[in-house]
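J.: Below are the structure tokens for one structure; questions will follow.
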Amino acid sequence: MRNAWIAIVCVLLLDGSLCAQQPKPSEYQVKAVYLYNFGRFITWPANPDSKELKSFPICVLGQDPFGPALDTTLASESLDHKPIVIRRISKPQDSTECRILFIHSSASNQLKEILSALDHLAILTVSDMADFSKRGGMIQFVLEGEKVRFEVNLANTENANLTLSSELLKVARVVRRNDKSGD
Amino acid sequence: MFGTKTISISRKLTLMNMLVSGTALVLACLAFIVFDVISFREARMRNLSTQAQVIASNTVSALLFDDSQSAHNTLSALQAAPNILSAEIFLPDDQLFASYSRDPSWQSQPPLALKQGQAESSWTENEQMLLVRKIEVDGKTIATVFIRSDMKDLHRRFLRYVLIAGIVLAASLLATLLLSSFVRRAVAQPIIDLSDVAKAVSKDKNYSVRATSTRGPTEVSILFDAFNEMLGQIQSNEIELRNARDTLEQHVIERTAELAAANKELEAFSYSVSHDLRAPLRGIDGFSQALIEDYGDRLDPTGIDYLKRVRSATQHMSHLIDDLLNLSQLTRTEMRREKVDLSALAQTIAEGLQREDPARSVEFVIARHLSIQGDAPLLRIVMVNLIGNAWKYSSAHAHSRIEFGTTQYQNRPAYFVRDDGAGFDPRYADRLFGAFQRLHATNEFPGTGIGLATVQRIILRHGGQVWAEGAIERGATFYFTL
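Sequence lines, in order, name chains W and F.
Each residue of the first sequence is one higher than the one before, starting from 671 at the first, in this note's numbering.
Each residue of the second sequence is one higher than the one before, starting from 2 at the first, in this note's numbering.
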């Protein structure tokens, strides 16, 4: 089944690196593709106060667990008719122009500050740290055996004016609404 | 409720009605069923296509996030559609991503690949409808969905239609049967009435009856009028014929009576000729003889010569009377047909003639063994007359030849008597057979002129013909057939 999924991804992604790495893509290769796939099912609000973005930035805050996977898999792709650019940032304040922000689990201790810095900004926050979706994050990667699955907190996405497709919610393992107990 | 003859026409009408309505119904039902089956099929195909599209759009996320469970859940929603047997999603390398099947033992088979640019394809196979559709993201095919649909309900629907059509057909035919009694009354009954009248007319020959009709369509009334008019004409013709026949019968009776009267007069005349005329003749002859015998010595030779002439004339007249009586008797004597040897008869007559006048040199040529069916005494009279004539009219020649033989005339045997004597003028050939008609003077050739008339009468009584050929001084030939 894993190989089968690669077949789909290989069809969609122009870059051949993932396909060439068959049979077994790494966990972060899969997560990189998922970041890209999230972009398909999420609508960002029109941004009147900032100038129109020429690109679709996907940012990694703090330590980068993807290694080269993010660049090799997504560098030449586009989302929302804009080319994807990968940015690695160290401060949450630098993320204002990001569309998707991946927060490394090592930033777990500063999560509250990070999230408050992003409050009301239309940035999809993704992380694989524990209880991320309960603690104000939007999408949290979880592992089900070898499979990468994710949890969604709709309250947080709505707060950021992001619209998630029901198709996305259908494949999410857990969908939370007003659970901010982790704050 | 009708007679035997009425069954045919009314049954024919009923059958015709049923046949026509039955055929129309069957055709209509057939057209309806075919139309419905086709449209049902098309609807089913459209439905299948719609379902495939829904599945395709609802499984994109499952495919992108490698969630076959979610895809399976989407497919399982097809349980609500009982006609769908199975649905599968295949990945581009023909691997099964998710599947749903009504029958748990169903083995998924990847379908035929779709052609480039073809989004969907459908076909029927083993009484199943199959449909393949691409699942596309950003214009790229990431998987295909393959749906199989049952056509059993289509068959059930078809059978139900056939059943309904059958019931409708049966009901319609029953209704036609009931309605046809009205048609029968309206159309057939006048014709049946007419045929009854026609039957009565032909059986009883009673042309005074008339067919009466107050109902029925116009054509039938015309038929009735024409029939009645025909009857009228036949009736008037018959009356005319009967009148003509009655008149004719009256005429025949009158004529017969007239003929009988004429015959009686003739008989009376014959009787008076034979008795009343003969008596004075005998007197004249007897007294002429007495004069010669008793007073012959007192008469000069001229006186005796006159008396002899008186006697000769009276004897001639006596012959005439005898011949006349014979002629009239010919018509009265009864005919007996038997085999008559004409050759022998001719031979006997010839010998008799030669005995009477042995001085004459006549050569007889008589064909042998000519026999004929006829009345012997009458045929003897014929032969005596013909051979006698030949003998008589060839007497002026020093040497003569008389021939009796046979020839063919109009494919029948004709007998002839030929001489090389005085002959006759062929212009008067038709006068030869008239009574007392003579072409030669009595002093030239003696005779009463009754012989050939007798011959003709006998031949005609035998149903034959008699005629003559000849020329003056070149002889004559008399032919007869029987």
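Glycine residues also receive a C-beta, built at the ideal position from the N, C-alpha and C atoms.
Predicted model only: the values in this text are computed from it and were never measured.
1. What residues in the region 60–90 of chain F have a beta carbon less than 7 angstroms from any beta carbon of chain W?
2. Alpha helix (DSSP H) containing residue 73 of chain F: first to last residue?
3. Please report whether the beta-carbon of residue 707 of chain W lies at a distance below 8 angstroms from any beta-carbon of chain F.
4. Quick check on residue 262 of chain F: buried or exposed, where buried means 16 or more other Cβ atoms within 10 Å of its Cβ?
5. Hey, could you find the ends of the alpha helix (DSSP H) residue 162 of chain F is sitting in?
6. Is residue 165 of chain F close to chain W, meaning its C-beta is less than 8 angstroms from at least one C-beta of that chain?
7. Using a cut-off of 9 angstroms between C-beta atoms, extract the partners of residue 812 of chain W located in chain F.
8. Please name the residue, chosen from F:136, F:50, F:141, F:55, that lies closest to residue 493 of chain F on a Cα-to-Cα basis.
9. Can you find the residues in the same chain that come closer than 8 angstroms, C-beta to C-beta, to residue 131 of chain F, ignoring five residues on each side of it along the sequence?
10. Could you check where the beta strand (DSSP E) with residue 797 of chain W kicks off and where it finishes?
11. Any Cβ of chain F within less than 8 angstroms of the Cβ of residue 711 of chain W?
12. For residue 392 of chain F, which beta-bridge partners are listed by DSSP?
13. Per DSSP, residue 481 of chain F is paired with what?
14. Could you tell me the alpha carbon to alpha carbon distance between residue 4 of chain F and residue 162 of chain F, rounded to whole angstroms?
15. Against chain W, which members of the region 130–142 of chain F pass a CB distance test of less than 8 angstroms?
16. Got a sec: is the Cβ-Cβ distance from residue 744 of chain W to anything in chain F below 8 angstroms?
17. Out of F:390, F:347, F:385, state which residue places its alpha-carbon closest to the alpha-carbon of residue 370 of chain F.
18. Please work out which residues of its chain come closer than 7 angstroms, Cβ to Cβ, to residue 429 of chain F, disregarding the five sequence neighbours upstream and downstream, and give them in chain order.
19. To the nearest angstrom, how far is the alpha carbon of residue 1 of chain F from that of residue 11 of chain F?
20. Using a Cβ-Cβ cut-off of 6 angstroms (strictly less than) and excluding sequence neighbours within five positions of residue 285 of chain F, which residues of its own chain qualify?
21. For the region 818–847 of chain W, which residues have a beta carbon sitting closer than 7 angstroms to at least one beta carbon of chain F?
22. Can you tell me which of the three DSSP states residue 210 of chain F falls into?
23. Mind checking who residue 754 of chain W pairs with in its DSSP beta bridge?
24. According to DSSP, simplified to helix, strand and coil, what is residue 339 of chain F?
25. Below 7 angstroms CB to CB, which residues in the same chain sit around residue 698 of chain W once its five sequence neighbours on both sides are set aside?
26. Taking the Cβ atom as the reference point for each residue, do residue 490 of chain F and residue 328 of chain F lie within a distance shorter than 8 angstroms?
27. Between the Cα of residue 366 of chain F and the Cα atoms of F:341, F:239, F:404, F:72, which residue gives the shortest distance?
28. If I follow the unbroken alpha helix (DSSP H) through residue 782 of chain W, where does it start and stop?
29. Hey, does residue 698 of chain W have any beta-carbon neighbour from chain F nearer than 8 angstroms?
30. Taking 6 angstroms as the limit between beta carbons, can you name the residues of its chain near residue 6 of chain F, skipping five residues before and five after?
31. What is the rounded straight-line gap between the Cα of residue 29 of chain F and the Cα of residue 79 of chain F?
32. Helix, strand or coil for residue 125 of chain F per DSSP?
33. Quick one: what's residue 134 of chain F bridged to in DSSP?
34. At the level of alpha carbons, what is the spacing between residue 751 of chain W and residue 104 of chain F?
35. Just list the residues that DSSP pairs residue 410 of chain F with in beta bridges.
36. Go through its chain and collect everything with a Cβ distance to residue 763 of chain W's Cβ below 8 angstroms, but skip five positions before and after it.
T.: The relevant details are as follows:
1. 61, 62, 63, 64, 65, 66, 67, 68, 69, 71
2. 69–77
3. yes
4. exposed
5. 153–184
6. no
7. Within 9 angstroms Cβ-Cβ: nothing; residue 812 of chain W doesn't reach chain F, min ~12 angstroms.
8. Residue 493 of chain F is absent from the model: chain F starts at 2 and stops at 483.
9. 112, 123, 124, 125, 147, 148, 149, 150
10. 794–797
11. yes
12. DSSP, once it has assigned bridges, lists no residue as partnering residue 392 of chain F.
13. F:416, F:467
14. With a pLDDT of only 46 at residue 4 of chain F, under 50, the local geometry of the prediction cannot be trusted, and the value read off the model is given with reservation. If I take the Cα positions, the gap works out to 42 angstroms.
15. 138, 139, 141, 142
16. no
17. F:347
18. 440
19. The shown model of chain F, from 2 to 483, leaves out residue 1 of chain F, and the question about it has no answer.
20. 315
21. 837, 838, 840, 841
22. coil
23. W:726
24. strand
25. 735, 736, 737, 739
26. Nothing about residue 490 of chain F can be read from this structure; chain F reaches only from 2 to 483.
27. F:404
28. 781–787
29. no
30. Low confidence applies to residue 6 of chain F: its pLDDT is 49, below 50, so where it sits in the model is not reliable enough to give any reading.
31. 37 angstroms
32. strand
33. F:121, F:146
34. 44 angstroms
35. F:413
36. 787
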